[in-house]
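Comments concern the structure below.
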Amino acid sequence: MADEQNQEVSTPAARPQGRPDRPDRGPGGPGGRDGGRKFFRRKKVCKFCVEKIDDINYKDVRLLQQFVAERGKIVPRRLTGVCTPHQRQLTGAIKRARNIALLPFAAR
Amino acid sequence: MERAYEVMFIVRPDLLEEDVDKLIATLQGHATNAGATLKNVEKMGKRRLAYDVKKFSDGQYVLFTLNANGAAIHELERRLRVSEPVIKFITVRTDEEQQRLDKIRKIRASRVKRPPAEAAVATEGESAPAVGA
Numbered sequence: 001m002a003d004e005q006n007q008e009v010s011t012p013a014a015r016p017q018g019r020p021d022r023p024d025r026g027p028g029g030p031g032g033r034d035g036g037r038k039f040f041r042r043k044k045v046c047k048f049c050v051e052k053i054d055d056i057n058y059k060d061v062r063l064l065q066q067f068v069a070e071r072g073k074i075v076p077r078r079l080t081g082v083c084t085p086h087q088r089q090l091t092g093a094i095k096r097a098r099n100i101a102l103l104p105f106a107a108r
Numbered sequence: 001m002e003r004a005y006e007v008m009f010i011v012r013p014d015l016l017e018e019d020v021d022k023l024i025a026t027l028q029g030h031a032t033n034a035g036a037t038l039k040n041v042e043k044m045g046k047r048r049l050a051y052d053v054k055k056f057s058d059g060q061y062v063l064f065t066l067n068a069n070g071a072a073i074h075e076l077e078r079r080l081r082v083s084e085p086v087i088k089f090i091t092v093r094t095d096e097e098q099q100r101l102d103k104i105r106k107i108r109a110s111r112v113k114r115p116p117a118e119a120a121v122a123t124e125g126e127s128a129p130a131v132g133a
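One line per chain: the protein sequences are A and B, in this order.
For the first sequence, my numbering gives the first residue as 1, with consecutive numbering after it.
For the second sequence, my numbering gives the first residue as 1, with consecutive numbering after it.
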């Protein structure tokens with residue numbers, strides 16, 4: 001993932017765009033698309049930091065669902081842009097939610 | 001040692017409303033007898049389960065918020081395990097998390113008084129350390 005750094009020259013092929021199980025990221029990054037996606041990688045920022053969500057609760061299925069792929073997998077940080085401490089909390093919350101059947105372990 | 005817990009459990013979907021209430025009442029009784037103090041009882045209603053549990057695909061969720069010691073929680077969990085209409089339960093300790101949240105809120109409240117330069121700094125240092133990911 002060295003192309004994180006030279007944002008100007010990153011090619012469209014470097015983006016993992018063909019992933020079918022990648023969920024809608026919602027209002028993730030700033031600016032982005034209008035500059036032409038050939039040259040600019042959209043800068044990802046942590047949703048929890050931006051929206052100041054401190055409490056990642058296992059009962060909040062609507063929130064957690066945004067970070068779970070279609071098959072029920074937890075989406076990696078590199079795709080969602082969530083920062084490390086929040087990803088850790090998120091993982092814990094998703095696992096709890098799975099335990100009480102709010103989220104699937106594996107869908108279909 | 002009193003601690004804050006949340007106990008969430010799923011009751012089978014075909015149980016009638018009044019039977020659920022009765023079940024909750026008896027569980028409350030057992031919990032208080034064991035030395036727990038219930039803060040709140042919330043019926044979260046019927047929900048579709050993310051996967052089948054004991055061949056049910058729906059369930060009625062109930063949430064207890066309580067202060068208790070370990071022994072009381074142990075007793076309540078045992079009751080949940082043996083009570084037939086309860087198909088799944090989870091106990092979560094919440095006091096440490098709550099403490100952390102209070103701390104964050106306090107810091108944030110003190111920070112609001114002088115907000116200008118901070119937001120710019122926070123967004124800056126994002127791209128650099130992501131090399132090895």
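Backbone N, C-alpha and C fix where the C-beta goes; we use that ideal spot for every residue, glycine too.
Owing to the predicted nature of the structure, the values given are computational and were not obtained by experimental measurement.
Whole angstroms is fine: what's the gap from residue i's alpha carbon to residue j's?
i	j	result
Q28(B)	G59(B)	20 Å
V75(A)	I53(A)	18 Å
E6(B)	L16(B)	24 Å
E96(B)	V45(A)	27 Å
K46(B)	V20(B)	12 Å
C83(A)	L90(A)	10 Å
N99(A)	R111(B)	37 Å
By the criterion of Cβ-Cβ separation under 7 Å, what are the contact partners of residue i in chain B?
i	result
L103(A)	A50
Using the beta-carbon of each residue, which ones in chain A are nearer than 7 Å to residue i?
i	result
G45(B)	Residues of chain A passing the Cβ test: none, with the nearest at roughly 13 Å.
L101(B)	D54, D55
I104(B)	D54
List, in order along the chain, the chain A residues whose C-beta lies closer than 8 Å to that of residue i?
i	result
V53(B)	A101
I190(B)	Residue 190(B) cannot be examined here, being either before or after the span of chain B that is shown, 1 to 133.
Look at residue i and residue j and say whether their C-beta atoms are less than 9 Å apart.
i	j	result
L80(B)	L38(B)	no
V41(B)	L63(B)	yes
L101(B)	D60(A)	no
Q25(B)	R93(B)	Here the sequence assigns Ala to residue 25(B), which means Gln is not the residue at that position. Against a cut-off of 9 Å, the Cβ pair of R93(B) and A25(B) comes out as no contact.
Q65(A)	L103(A)	yes
Determine the burial state of residue i: buried for a count of at least 16 other Cβ atoms within 10 Å of its Cβ, exposed for fewer.
i	result
E18(B)	exposed
G81(A)	buried
K106(B)	exposed
A106(A)	exposed
I104(B)	exposed
R108(A)	exposed
H74(B)	exposed
G26(A)	Its pLDDT being 47, under 50, G26(A) is placed unreliably in this model, and the coordinates cannot settle the point.
A97(A)	buried
A101(A)	buried
M44(B)	exposed
V11(B)	buried
K47(A)	buried
R77(A)	buried
Between the options, which lies nearest to residue i when the distance is taken from Cα to Cα?
i	options	result
D52(B)	S83(B), A36(B), K88(B)	K88(B)
L23(B)	M1(B), L49(B), Y61(B)	Y61(B)
V127(A)	R71(A), L103(A), H86(A)	Limits of chain A in this structure are 1 at one end and 108 at the other, which puts residue 127(A) out of reach.
T91(B)	M1(B), N33(B), F9(B)	F9(B)
A68(B)	V11(B), N33(B), R48(B)	N33(B)
I35(B)	R12(B), M1(B), S110(B)	What sits at residue 35(B) in the sequence shown is Gly, not Ile. Here the closest residue by C-alpha is M1(B).
G92(A)	A69(A), L79(A), V68(A), Y58(A)	Y58(A)
A31(B)	P13(B), R48(B), G70(B), A109(B)	G70(B)
E84(B)	V112(B), K54(B), A109(B)	K54(B)
Which residues in chain A sit within 9 Å of residue i, going by Cβ to Cβ distance?
i	result
I73(B)	None at all; the shortest Cβ gap to chain A is about 16 Å.
G59(B)	A101
Taking C-beta pairs closer than 8 Å, name the residues in chain B that residue i reaches, listed in chain order.
i	result
R96(A)	I90, V92
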